[in-house]
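Using my numbering, read the sequence shown as starting at 70 and increasing by one per residue.
Ideal Cβ placement from N, Cα and C applies to all residues, glycine included.
Structure, as structure tokens:
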Amino acid sequence: MALPDIEASIVLTSSDRLAGWLLFQYNERQSTDGILSWPTPHISPLPKWLGQQWKLSWPDKFVLSNLQSLRIWEAILKHDSITSKKNLLHQEQIAKQALKAFRLAIQYRLPLNTKNFDWNQESQSFLVWSENYKKHLKKWKTLDSSMLLDEVSLAMRSGRIPFPRRKIIFVGFDQITPQLSDWIKTINNGGTETKEWSPYLDDNSSHNNIQLRKYADTTEETVQCARWLNVQSLQSKKTGIIVPTLSLRKNQIKREFSAELSPKSIFPWINIESPFTISQGTPLINETPVY
Numbered sequence: 070m071a072l073p074d075i076e077a078s079i080v081l082t083s084s085d086r087l088a089g090w091l092l093f094q095y096n097e098r099q100s101t102d103g104i105l106s107w108p109t110p111h112i113s114p115l116p117k118w119l120g121q122q123w124k125l126s127w128p129d130k131f132v133l134s135n136l137q138s139l140r141i142w143e144a145i146l147k148h149d150s151i152t153s154k155k156n157l158l159h160q161e162q163i164a165k166q167a168l169k170a171f172r173l174a175i176q177y178r179l180p181l182n183t184k185n186f187d188w189n190q191e192s193q194s195f196l197v198w199s200e201n202y203k204k205h206l207k208k209w210k211t212l213d214s215s216m217l218l219d220e221v222s223l224a225m226r227s228g229r230i231p232f233p234r235r236k237i238i239f240v241g242f243d244q245i246t247p248q249l250s251d252w253i254k255t256i257n258n259g260g261t262e263t264k265e266w267s268p269y270l271d272d273n274s275s276h277n278n279i280q281l282r283k284y285a286d287t288t289e290e291t292v293q294c295a296r297w298l299n300v301q302s303l304q305s306k307k308t309g310i311i312v313p314t315l316s317l318r319k320n321q322i323k324r325e326f327s328a329e330l331s332p333k334s335i336f337p338w339i340n341i342e343s344p345f346t347i348s349q350g351t352p353l354i355n356e357t358p359v360y
């Protein structure tokens, strides 16, 4: 895979996972080329990079963590005349969704005013909660993480944070929000070159070789998948498998994959390192697509 010009650029990704994948691919390329040592490239998730730039400016406001923000929203809802009558679990779910909606409003430049939220009792309540949240932020001199991009942009325009001299490459942003678009224009005007890059497969890859197969049950599907993986491993290929219901099939997958890929591992008295790992991260629906 042809990677972008990582050495001379700052690479900002949409997720931690994508940043880790790019770093892995870069290190693999350097090693394959016979290079013994190399500087760590500037690859970082956008929120982490923004946080680093913000700290370097000696700010008078600190950025709340997700947990801190959520706890404030839960406290706001707890003292609300409507939600205080609901059970605690329900309040926590409402707080999560309300915080998510608040951040989307910031990212998409949706004014939090009566005109935009005077639809029903739920939208009116959300507006009241948002106003209370902003009052808490102002009182404690803090920022929600969704506000950091605007604050960094303002600091760059005022000279408190220098504009990046390296080219910035954005990777994995399938949607450019109005907030992000405004910041890109700001750094472009400040002399920073920007570019978008998507890690598509190479042109000579068989990315059209997609097959849909039907099996009698999940056991047969898992066994056939393990056999296919065995063939791939013989060709020294690294392969990733996406399992939508991993939490339900984890034991089955571990059993069948071990039996096929490392038969001796089924004997408890033989200590053999597994040739595969099972990573149950966040649900795929919550992850930004990686091409």
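For residue i, write down the residues that DSSP places opposite it in a beta bridge.
{"i": "V312", "result": "None; V312 has no bridge partner."}
{"i": "K387", "result": "Not covered by the structure: residue 387. The range shown for the chain is 70 to 360."}
{"i": "I112", "result": "V80"}
{"i": "T211", "result": "F131"}
Tell me whether residue i is buried or exposed, calling it buried when 16 or more other Cβ atoms sit within 10 Å of its Cβ.
{"i": "I112", "result": "buried"}
{"i": "G241", "result": "buried"}
{"i": "V221", "result": "buried"}
{"i": "D129", "result": "exposed"}
{"i": "T183", "result": "exposed"}
{"i": "S106", "result": "exposed"}
{"i": "W338", "result": "exposed"}
{"i": "I279", "result": "exposed"}
{"i": "Y284", "result": "exposed"}
{"i": "Q164", "result": "Per the sequence presented here, residue 164 reads as Ala, with Gln not at that position. It counts as buried."}
{"i": "E171", "result": "According to the sequence as given, residue 171 is Phe; it is not Glu. Under this definition F171 is a buried residue."}
{"i": "T291", "result": "buried"}
{"i": "L270", "result": "For L270, the predicted model reports a pLDDT of 47, less than 50, meaning its position is unreliable; a value from the coordinates is still stated below. Under this definition L270 is an exposed residue."}
Please state whether the Cβ-Cβ distance between residue i and residue j is less than 8 Å.
{"i": "P73", "j": "W266", "result": "yes"}
{"i": "E200", "j": "K236", "result": "no"}
{"i": "Q244", "j": "I175", "result": "no"}
{"i": "F239", "j": "L81", "result": "yes"}
{"i": "T308", "j": "L315", "result": "no"}
{"i": "K333", "j": "I322", "result": "no"}
Based on Cα-Cα distance, which residue from the options lies nearest to residue i?
{"i": "E325", "options": "K306, I311, E289", "result": "E289"}
{"i": "S126", "options": "T314, G228, K264, N320", "result": "G228"}
{"i": "G120", "options": "I279, I230, S194, D286", "result": "I230"}
{"i": "S78", "options": "C294, P233, S215, L133", "result": "P233"}
{"i": "Y202", "options": "D187, Q99, I145", "result": "I145"}
{"i": "L133", "options": "M225, W209, K306, Q293", "result": "W209"}
{"i": "C294", "options": "H148, S214, A328", "result": "A328"}
{"i": "E76", "options": "K124, N135, P108, S215", "result": "P108"}
{"i": "N257", "options": "T346, H148, M225", "result": "M225"}
{"i": "S348", "options": "S331, I311, I341, S334", "result": "I311"}
{"i": "Y95", "options": "A71, L330, S83", "result": "A71"}
{"i": "L196", "options": "P180, F336, F345", "result": "P180"}
Alpha carbon to alpha carbon, what distance is there between residue j and residue i?
{"i": "E97", "j": "L218", "result": "32 Å"}
{"i": "V300", "j": "L281", "result": "18 Å"}
{"i": "E143", "j": "Q137", "result": "10 Å"}
{"i": "D286", "j": "G89", "result": "35 Å"}
{"i": "L139", "j": "S302", "result": "44 Å"}
{"i": "W198", "j": "G103", "result": "57 Å"}
{"i": "I141", "j": "F186", "result": "21 Å"}
{"i": "L223", "j": "P114", "result": "20 Å"}
{"i": "S194", "j": "F131", "result": "27 Å"}
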